[in-house]
Amino acid sequence: MEGVELEMVPSAQHSDEDFCTAVLSQFSKSTNEHHLNICAAIGAMSQELIDQNQPLTHITYFGATCSSLDRLSSNSDPVGHLLDALLTILSLVIDRLSPAVLRTKYSYLSELLIRILGMKSVGVNGVLPGFKCTSLLLIVREKVEWADVSHLYGFLIGHVADDRPKVRKQLHTCLREILEYFQLAPALKPLLVPAGEAIKNVLERFLLIAGESNSTISEGPRAAQEVLYILDALQIWLPYMSSNYTTTILKYFKSLLELRYPIVTRRIDDGLNALCLHSAGEISAEALLELLCSLTTSFSPDDSSADSMTFTARLLDTEMKKVYLFNRLICVIKLTVVFNSLKDILASEHEEVSVAAVASFKSLIQSCIDESLIKQGVDQITINANETTRKTGPTVIEKVCATIESLLDYHYEPVWDMSFQIVSTLFDKLGKYSSFFLKETLKILADMQKLPDEDFALRKQLHECMGKALGAMGPETFLSLLPLNLEAQDLSESNLWLFPILKQYTVGAHLNFFTKSILPMIGEMKQKSAAHEREGKIHSARSVDGIVYSLWSLLPSFCNYPVDTAESFKGLKRALCTALQEEPEVRGLICSGLQILIQQNKRILEGNSPNTEIGASEERAIALYTADVTGLNMTILKSCAREFLSVLTGVYSESSKDTSGIVQSTIGELASISDKEVVTRFFGKTMEKLLKVTLEVGKSRNSKDSNSMQVDNSSDEGSLSIARAQLFDLAVSLLPGLDSREIDLLFSALTPAWKDVNGLIQKKSYRALSMLFPVLK
Numbered sequence: 007m008e009g010v011e012l013e014m015v016p017s018a019q020h021s022d023e024d025f026c027t028a029v030l031s032q033f034s035k036s037t038n039e040h041h042l043n044i045c046a047a048i049g050a051m052s053q054e055l056i057d058q059n060q061p062l063t064h065i066t067y068f069g070a071t072c073s074s075l076d077r078l079s080s081n082s083d084p085v086g087h088l089l090d091a092l093l094t095i096l097s098l099v100i101d102r103l104s105p106a107v108l109r110t111k112y113s114y115l116s117e118l119l120i121r122i123l124g125m126k127s128v129g130v131n132g133v134l135p136g137f138k139c140t141s142l143l144l145i146v147r148e149k150v151e152w153a154d155v156s157h158l159y160g161f162l163i164g165h166v167a168d169d170r171p172k173v174r175k176q177l178h179t180c181l182r183e184i185l186e187y188f189q190l191a192p193a194l195k196p197l198l199v200p201a202g203e204a205i206k207n208v209l210e211r212f213l214l215i216a217g218e219s220n221s222t223i224s225e226g227p228r229a230a231q232e233v234l235y236i237l238d239a240l241q242i243w244l245p246y247m248s249s250n251y252t253t254t255i256l257k258y259f260k261s262l263l264e265l266r267y268p269i270v271t272r273r274i275d276d277g278l279n280a281l282c283l284h285s286a287g288e289i290s291a292e293a294l295l296e297l298l299c300s301l302t303t304s305f306s307p308d309d310s311s312a313d314s315m316t317f318t319a320r321l322l323d324t325e326m327k328k329v330y331l332f333n334r335l336i337c338v339i340k341l342t343v344v345f346n347s348l349k350d351i352l353a354s355e356h357e358e359v360s361v362a363a364v365a366s367f368k369s370l371i372q373s374c375i376d377e378s379l380i381k382q383g384v385d386q387i388t389i390n391a392n393e394t395t396r397k398t399g400p401t402v403i404e405k406v407c408a409t410i411e412s413l414l415d416y417h418y419e420p421v422w423d424m425s426f427q428i429v430s431t432l433f434d435k436l437g438k439y440s441s442f443f444l445k446e447t448l449k450i451l452a453d454m455q456k457l458p459d460e461d462f463a464l465r466k467q468l469h470e471c472m473g474k475a476l477g478a479m480g481p482e483t484f485l486s487l488l489p490l491n492l493e494a495q496d497l498s499e500s501n502l503w504l505f506p507i508l509k510q511y512t513v514g515a516h517l518n519f520f521t522k523s524i525l526p527m528i529g530e531m532k533q534k535s536a537a538h539e540r541e542g543k544i545h546s547a548r549s550v551d552g553i554v555y556s557l558w559s560l561l562p563s564f565c566n567y568p569v570d571t572a573e574s575f576k577g578l579k580r581a582l583c584t585a586l587q588e589e590p591e592v593r594g595l596i597c598s599g600l601q602i603l604i605q606q607n608k609r610i611l612e613g614n615s616p617n618t619e620i621g622a623s624e625e626r627a628i629a630l631y632t633a634d635v636t637g638l639n640m641t642i643l644k645s646c647a648r649e650f651l652s653v654l655t656g657v658y659s660e661s662s663k664d665t666s667g668i669v670q671s672t673i674g675e676l677a678s679i680s681d682k683e684v685v686t687r688f689f690g691k692t693m694e695k696l697l698k699v700t701l702e703v704g705k706s707r708n709s710k711d712s713n714s715m716q717v718d719n720s721s722d723e724g725s726l727s728i729a730r731a732q733l734f735d736l737a738v739s740l741l742p743g744l745d746s747r748e749i750d751l752l753f754s755a756l757t758p759a760w761k762d763v764n765g766l767i768q769k770k771s772y773r774a775l776s777m778l779f780p781v782l783k
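The opening position of the sequence shown corresponds to residue 7 in the numbering used here, with each subsequent residue numbered one higher.
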């Protein structure tokens, strides 16, 4: 075995294993002809080594294999299946040798592999393991010059256009491993640049040959097919190449896109996607962006398949975000170009395509529209606000907003449901600055409301979109652009349809706006109702009363994380107290608002997050609730609690079944934040009344028992029992603010009621005790 005498360095993993036995156990049970040839070859080799009294080590098997291959390569007509078997055996045994062993015979092995793999009689079954051996030789080198490996590397890459798919696939894998190893191993990193140059040269050579031919890609001649093969390979190799040659190849991609061949475009799409997902090095943002812009013009929705457009939409998303990370400035300048391309994709009406386009729109809006871009637009609009003629052109953000607004044109009617999602995302992103850029968008949405139901089935989605606009702008700005118009003589001309949207989506509003704007509307509507009453227009009066209720129904929404509780709540307090006393029909709404205010501030002070997923407008509102802000809010609410407790305990007995529960729970919320002496005072008064009523009930029953001929006084007793039950409710409502002594007193008062002959009292006492037991010590 001349030329293969190697140092005896056994592999740690396989040192005690007989190589022949291992190979036979792997292949002997197979009926595959190639596997049978492997078994025959290794068996013969093992027997020869035994006959020669050679030790059956990995080194001797390696030497025997190389010698056999060397001998066969000198034959004029070597047996192909034997070469394939020996190459497979070589790949198995070489994997068991240490890198030091392989490095000592690199020159010999590389020359042998190049010679053997270049023989026509070697089949796919031999080429695949041969490539594995070649790649292993390349990555075990240490501190070598490119000249030392260029011949073997060049031989390997020369098979990139091999007609056999399995061979090309194995080459892709092997070269990827080589490039990745060059990239990670410090000693071999200098090889990455010339390795990339070699790939670039192959691409240039194939492009040159294809360009000189008179054929076209679609006709599939050899030259054009080779270009497709190298593009397939670049999908695998591009993320592991040096940045210089990655940039060069991206420029070639740009030129290829101009050919507008779908088969080429798809491969470039795949290569870009792999580059953005897996590249560990830097990518030229300029080259990548130029390529993306070419990509946006290289396809036509009419000519592209649904799969192709879906892929393009996703690619634009991932790669524009990568460009943004590398170079924000050049990215935002081209946002409009990308969004216009996504518009065309969205209009295709293929569901999968539209979903991908919407996802890309949303993702890019969130990732690439930043505060700086928004501020630039706001500044320009503000500067030009008083100018009759604008001196500067539209900013990037204005162009982007105009592009997205155009999704509401009738041309996009089939995908309006998708358009609403995109517009909603833009409102969310712009927040309070939406009023600078999307005034016309809001008006277009309002005009859609006028479409008849038979022509418009997306009213729910429209209202959700307008809700996003409301949450972004706030009700003050929203209603200034789209007023309720309640002063109209004909109510059909008013925008009453806004009430459900205002109720559901108002968050982070100003309580002062409710006091200064909504309450005056309520007053005007009440006057209008009274006028209709005087004129005998009862139906009109009731309609206006409904508007009054709708206006009051906005209060809980205005209490949803308002931004000015500390400054404005006291200004609203008097109106709320008056309404609680004089307008029982809105009592539940006011109580709901009070509870929301107290609970949200308490929750933030306690460090508890909302239990449900929240939107962008809620996040912005909650972000303003710092510890200092929340503390000031609670101070104001606490200072107003006594007056509200006075009003609510006073009106509780008058409340209907529908509102008594929320009045009672609101008393509990107020008690939980009130000063201790305030709660004690109300509790004392309530217990005094309870004692008085209890005594009166006892007198009434005693009087009835002593004089059976007396006029039945059951009605008096019934009203006293109701009053007693209500006082039980009131006393228990104050529980969050009671101390242990007061809780014991309440328990003592409730205990006799368990056995009361009146079923209502029994029921109330059991309910009160069920609330009391958890706090009893």
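Glycine included, each C-beta is placed from N, C-alpha and C at the ideal position. Treat the numbers as computed from the prediction; the structure is a model and nothing was measured.
Count the other CB atoms within 10 Å of the CB of alanine 6; is the residue buried (16 or more) or exposed (fewer)?
Here the chain has residues from 7 to 783 only, and residue 6 is not among them.
Quick one: grab the DSSP three-state call for cysteine 337.
Here cysteine 337 sits in helix by DSSP.
Write down the C-beta distance between alanine 478 and glycine 529 rounded to the nearest angstrom, noting that I regard them as a contact closer than 8 Å.
About 29 Å separates the CB atoms of alanine 478 and glycine 529; that is not less than 8 Å, and the two are not in contact.
Could you round the C-beta distance between valine 270 and threonine 302 to whole angstroms and report it? I think they count as a contact, below 8 Å.
About 16 Å separates the two Cβ atoms, so there is no contact after all.
Between which two residues does the alpha helix (DSSP H) holding isoleucine 289 run?
It is not in any alpha helix (DSSP H) - isoleucine 289 carries neither H nor E in the DSSP assignment.
For histidine 165, collect the residues of the same chain with a Cβ closer than 7 Å to its Cβ; drop the 5 residues on either side in sequence, then sort them by chain order.
Val173, Leu177
I think valine 329 touches valine 402, with their Cβ atoms under 8 Å apart; what is that distance to the nearest whole Å?
So it is not a contact: roughly 14 Å between Cβ atoms.
Less than 8 Å between the CB atoms is what I'm expecting for proline 481 and alanine 452, so what's the real figure, rounded?
At roughly 15 Å, the Cβ-Cβ gap does not stay under 8 Å, so proline 481 and alanine 452 are not in contact.
Using only CA atoms, which one of Tyr251, Ser615, Leu335, Leu198 lies nearest to alanine 153?
Leu198
What number of angstroms, rounded off, separates the C-alpha of methionine 715 from the C-alpha of arginine 593?
Residue placement at methionine 715 is poorly supported in this model, since its pLDDT is 45, which falls under 50; the coordinates still yield a value, given next. Looking at the two C-alpha atoms, the distance is approximately 45 Å.
Rounding to the nearest angstrom, what Cα-Cα distance links glutamate 377 and tyrosine 251 in this structure?
35 Å
Is the separation between the beta-carbon of alanine 731 and that of phenylalanine 689 shorter than 8 Å?
no
Could you tell me the boundaries of the alpha helix (DSSP H) in which leucine 53 lies?
Per the sequence shown, the amino acid found at residue 53 is glutamine instead of leucine. First-last of the alpha helix (DSSP H) with glutamine 53: 39 to 57.
Count the C-beta pairs between the region 422 to 437 and the region 390 to 401 that are closer than 8 Å, then say yes if the count reaches three, no if not.
no
Buried or exposed for glycine 656, please, with buried defined as at least 16 other CB atoms from any protein chain shown within 10 angstroms of its CB.
By the neighbour-count rule (16 or more Cβ atoms within 10 Å), glycine 656 is not buried but exposed.
Using the three-state DSSP reduction, which class does alanine 191 fall into: helix, strand or coil?
coil
Please classify cysteine 26 as buried or exposed, where buried requires at least 16 other C-beta atoms within 10 Å of its C-beta.
Burial state of cysteine 26 is buried, judged by a 10 Å Cβ sphere holding 16 or more other Cβ atoms.
Does the region 648 to 655 come into contact with the region 613 to 622, if we say contact requires no fewer than three beta-carbon pairs (one atom in each stretch) closer than 8 Å?
no
Taking the C-alpha atoms as reference points, what is the distance between aspartate 459 and lysine 466?
Put simply, the backbone Cα of aspartate 459 is about 11 Å away from that of lysine 466.
Starting from the C-beta of serine 811, find all residues in its chain whose C-beta is less than 6 Å away, skip the five residues before and the five after it, and write them out in chain order.
Residue 811 lies beyond the range of the chain shown here (7 to 783); nothing can be said about it.
Cα-Cα, which of Met527, Gly743, Val669 is closest to valine 684?
Gly743
Comparing alpha-carbon positions, which option in Asp735, Leu297, Ile728, Ser776 lies nearest asparagine 764?
Per the Cα distances, Ile728.
Leaving out five residues on either side along the sequence, give the residues of the same chain with a beta carbon under 6 Å from the beta carbon of leucine 561.
Leu595, Gly599
Beta-carbon within less than 8 Å of isoleucine 215's beta-carbon, same chain only, minus the 5 sequence neighbours each way: which residues are those?
Ala229, Glu232
Can you give the beta carbon distance from leucine 476 to isoleucine 450, rounded, assuming they're within the 8 Å contact cut?
Cβ-Cβ separation between leucine 476 and isoleucine 450: approximately 15 Å, too far for a contact (criterion under 8 Å).
Ignoring anything shorter than 4 residues or poking outside the region 544 to 619, list the alpha helix (DSSP H) runs there in chain order.
544 to 558, 561 to 564, 571 to 588, 593 to 611
From glutamate 541 to methionine 531, what distance separates their C-alpha atoms?
15 Å
Count the other CB atoms within 10 Å of the CB of aspartate 275; is the residue buried (16 or more) or exposed (fewer)?
Classification of aspartate 275: buried, given that the 10 Å Cβ count is 16 or more.
Tell me the rounded alpha-carbon separation between valine 554 and alanine 536.
12 Å
Secondary structure at glutamate 493, three-state DSSP: helix, strand or coil?
Glutamate 493: coil per DSSP, three-state reduction.
Around the Cβ of glutamine 606, are there at least 16 other Cβ atoms within 10 angstroms (buried) or fewer (exposed)?
buried
Do you know whose CA, among Glu151, Val130, Trp243, lies nearest leucine 194's CA?
Glu151
According to the Cβ coordinates, are phenylalanine 443 and glycine 383 closer than 8 Å?
yes
Where do the ends of the alpha helix (DSSP H) carrying asparagine 131 lie?
Judged by DSSP secondary structure, asparagine 131 falls within the alpha helix (DSSP H) whose first and last residues are 130 to 145.
Quick check on the DSSP output: the alpha helix (DSSP H) that includes phenylalanine 332 runs from which residue to which?
312 to 332
Which of helix, strand or coil does DSSP assign to methionine 125?
coil
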